[in-house]
Structure formats: structure tokens, C-alpha cells
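Engineer: Offset between the sequence shown (1-based) and the working numbering: plus 26. C-beta atoms are modelled at their ideal positions from N, C-alpha and C, and glycine is treated no differently.
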Amino acid sequence: MTTKEQIVENWLPRYTGTPVEEFGSYILLTNFGNYVTMFAEKFGVEVRGAGRAMQTATAKDITIINFGMGSPMAATVMDLLSAINPKAVLFLGKCGGLKKTQVGDLILPIAAIRGEGTSDDYMPPEIPALPSFRLQSTVSAAIKKQKLDYWTGTVYTTNRRIWEHDASFKEYLQAVRAMAIDMETATIFIVGFANSIPHGALLLVSDNPLVPEGVKTEESDKKVTSSYVKQHLDIGIEALTELARSGESVKHLRFEN
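1) What is the DSSP secondary structure of Gly-143, counted as helix, strand or coil?
2) When every heavy atom of the ligand GDP is checked, does at least one fall within less than 6 Å of the C-beta of Pro-157?
3) Run through DSSP, which three-state label would Leu-118 get?
4) Give me whichever residues DSSP pairs with Val-129 in a beta bridge.
5) Do Asn-92 and Gly-50 have their C-beta atoms closer together than 7 Å?
6) Do the segment 233 to 244 and the segment 65 to 80 meet, that is, are 3 or more Cβ pairs less than 8 Å apart?
7) Grab me the residues of Tyr-41's own chain with a C-beta within less than 7 Å of its C-beta, minus the 5 sequence neighbours each way, in chain order.
8) With DSSP collapsed to three states, give me the class of Ser-232.
9) In the DSSP assignment, find the beta strand (DSSP E) that holds Gly-70 and state where it starts and stops.
10) Determine the direct distance from the alpha carbon of Ala-270 to that of Met-209, and round the result to whole angstroms.
11) Of the choices Val-46, Met-64, Gln-128, whose alpha-carbon is the least far from that of Ser-246?
12) Helix, strand or coil for Asn-36? Go by DSSP, reduced to three states.
13) Does Thr-178 pass the burial test, meaning 16 or more other C-beta atoms within 10 Å, or should it be called exposed?
14) With a threshold of 16 other CB atoms inside 10 Å of the CB of Val-202, please say whether the residue is buried or exposed.
15) Let me check understanding here. Comparing Cα to Cα, which of Pro-151, Val-73, Gly-122, Ile-261 lies closest to Ser-166?
16) So, at 7 Å on beta carbons, what are the nonlocal neighbours of Val-241 in its own chain, with the 5 sequence-adjacent residues on each side left out?
17) When the Cβ atoms of the segment 183 to 200 are set against those of the segment 102 to 117, are three or more pairs found closer than 8 Å?
18) Let's test the definition: count the other Cβ atoms within 10 Å of the Cβ of Ser-158 and tell me whether it reaches 16, buried, or not, exposed.
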């Protein structure tokens, strides 16, 4: 194999256990296996990829992928998805709230701060990490349809998983005025842009890590899963279903790469 196209066409099935031709045109991304299981149960379909790096389930032209955790895996899955040129990719991630947010709140990011480093391998650091407006607009409508509300703003993406003890880093996060922190969003936005894949994100606040009592624990994460994950997933499905129903392109041909 000598070209990127040859590599990703071979590696997408290798990573997921799903043939290229059986992926949907619309993709949900997640870091958690239970999202894939819930999607599969909702539509009565099988989960593929047990024992592989990524697991998938497909129904109604939507494929959900659990790609793991962190910016390198986020970049990998967005590169692999160039094998199928999806019409839209929506990341359903969890994040730490950094401002007035409460556990269970939704954040629809308008941009991401590139603190992870991985995206520097794809675009110069001056390039902002932005979502596709049409996709975020559709997600907003799906949230409102469920009579819910959301926060908007920037999310800081980092490669550091253990930082909650670091007072200077917490001061830095407040100085950059980020609404939330995660490990994938900026990478998905930049690598999506580099691969001409329309992309967006809807983040679920799972903890408030700036204060000691807000740091995520196993017990608190279970509460988030039982109380908010189904709603999070349903909004993502509704948004992509509406895009498919409308038949409109998510990519802005004049301004997007």
C-alpha cells in the first residue's frame, strides 16, 4: 500500500470489524462502549468489533463508533473515515465543566482550543478548530425539540488526563475562558477539516474538575450514565436523522476545505 486512500480503505475494517460498504453515510463518534450498546439495542442491530480497537453499530444510514479515548485516537478515526467520505460526523463526548455549568448540562461548542498537540501534525497552529455550522445548527434544533437548553462557547482540548491537582493549569484554564475541557474535540475538528469531512460535537458535562468535590469518581460517573447518556445519544440520533431527511449538504462548499 503506497497511498493514504489504500491504507484507510484497508485499515477502517481492520480497526472496526465492519466492511467499508456497510458504514452509514452519517457517523456518531463516542468514547464509550455503552453508547454503542444502547444504539444497537434501540434499533435491534448487532455490535461489531468485539476484541478490536473500535466497536460499531449501524442503523438507518447512521453508524456509531466507539473509538476509544484521547486525541491520537480521535485523529485516527477521522483519518480512517476518509475511506467512506461521510456526509457528517458528530462527536458525542463527555467533558469537564469550567464555568457555571452543572453535571448533566449540554455544551454545543462553537470552537475548540488546540491544547492537545496532535492537531499540529495536520494544520498550522494558527488554524482555528471550528465545527461545521450547518451540523451544529441541526444539533441545536434537535436539543430544542426535546425542550432542553444548552451552553455554547469554546472547549479546551488537552492530552493530559491527570491534571485536576495542578493549580497552575487550572488558573490557565480560567485565563483562556474555556467553557469546558476534554481530550478530543479540537482534534476531531482539525482532522475533519483536513480530510474535508463535515464535523461537529455535542458535549455532556460529566464533572466540574476545578473544585475538589467536582472531580469525577466511579460513583459520580455511574450517575451521569444512568441519568443523562440516553438523552445525549437520542439528541445525536435525532440530529443526524434530520440531516438525512432534509437531504441538504452539511459542507459549505465556498468556505470549507
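Structural biologist: In brief:
1) Mapped onto the sequence shown, residue 143 falls at position 117. Coil at Gly-143, not helix or strand.
2) Ligands displayed in this structure: none; no statement on the ligand GDP is therefore possible.
3) Reading the sequence shown from its first residue, position 92 is the one you call residue 118. Residue state, collapsed to three classes: strand.
4) Within the sequence shown, numbered from 1, the residue matching residue 129 stands at position 103. Beta-bridge analysis with DSSP links Val-129 to no other residue.
5) Looking up residue 92 in the sequence shown gives position 66. Looking up residue 50 in the sequence shown gives position 24. Their beta carbons are not under 7 Å apart, which means Asn-92 does not touch Gly-50 by this criterion.
6) no
7) As a first step, residue 41 must be located in the sequence shown, where it is residue number 15. Contacts found: Arg-78, Ala-79, Met-80, Leu-106.
8) Numbered from 1 along the sequence shown, position 206 holds the residue referred to as residue 232. Three-state DSSP puts Ser-232 in a strand.
9) Sequence index remark: in the sequence shown, residue 70 carries index 44 (1-based). Counting along the chain, Gly-70 falls outside any beta strand (DSSP E), and DSSP gives it neither H nor E.
10) Position 183 of the sequence shown, counted from the start, is the residue given in the question as residue 209. Position 244 of the sequence shown, counted from the start, is the residue given in the question as residue 270. Each residue's alpha carbon lies about 28 Å from the other.
11) Taking the first residue of the sequence shown as 1, we reach residue 246 at position 220. Closest in alpha carbon position to Ser-246, among Val-46, Met-64, Gln-128, is Gln-128.
12) Within the sequence shown, numbered from 1, the residue matching residue 36 stands at position 10. Three-state DSSP puts Asn-36 in a helix.
13) To locate residue 178, count along the sequence shown from 1; it is residue 152. So Thr-178 counts as exposed.
14) Numbered from 1 along the sequence shown, position 176 holds the residue referred to as residue 202. The residue is exposed, with fewer than 16 neighbouring Cβ atoms inside 10 Å.
15) The sequence position of residue 166 within the sequence shown is 140, counting from 1. Ser-166 has its Cα closest to that of Ile-261, out of Pro-151, Val-73, Gly-122, Ile-261.
16) The residue you call residue 241 lines up with position 215 of the sequence shown. Within the same chain, Val-241 has close Cβ partners Glu-190, Asp-233, Pro-235.
17) Result no; under three Cβ-Cβ pairs closer than 8 Å.
18) If you number the sequence shown from 1, residue 158 lands on position 132. Looking at its Cβ environment, which holds 16 or more other Cβ atoms inside 10 Å, Ser-158 is buried.
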